[in-house]
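The structure appears below as structure tokens.
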């Protein structure tokens, strides 16, 4: 295994998911089914894709949150909202990303995303958002 890739994977995962709410990352589930494939997925997603510098981690997390909200993937959204806050996404901008979904995915998606977002903020002790 490439030591540099392993290091990038660990550093990126720590930045994204090393603090905030307590929930198991999908990696732990993958690992229960196929340890080697879980490692490959993790290295690709976190070590290669998320560590690229074309987009910042904040931009990647806002994009991920928008897509997960549109897909109604609540648990994954919760994980990535927490990750977005961990890497310094502005809480008001993240809310704005969810409001932007109204045009493309509809208000039920906005409402569900904001519900998940509020839940994460409460768990982190950061609710309500202060201007």
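Numbering (the working numbering), first residue to last: 1150 to 1280. By construction, the Cβ of each residue, glycine as well, lies at the ideal position given by its N, Cα and C atoms.
Distance between beta carbons of residue 1258 and residue 1221, contact taken as under 8 Å: 7 Å
Of the residues 1175, 1184, 1188, 1180, which one's Cα is nearest the Cα of residue 1151? Of the candidates 1175, 1184, 1188, 1180, the one whose C-alpha sits nearest the C-alpha of residue 1151 is 1188.
Quick one: grab the DSSP three-state call for residue 1199. Of the three classes helix, strand and coil, the one that applies to residue 1199 here is coil, per DSSP.
Residue closest to residue 1174, alpha-carbon to alpha-carbon, out of 1182, 1183, 1185, 1162: 1162
Span of the alpha helix (DSSP H) around residue 1248: 1240 to 1254
Determine the burial state of residue 1233: buried for a count of at least 16 other Cβ atoms within 10 Å of its Cβ, exposed for fewer. Under this definition residue 1233 is a buried residue.
Whole angstroms are fine: how far does the CA of residue 1227 sit from the CA of residue 1251? It is roughly 19 Å from the alpha-carbon of residue 1251 to the alpha-carbon of residue 1227.
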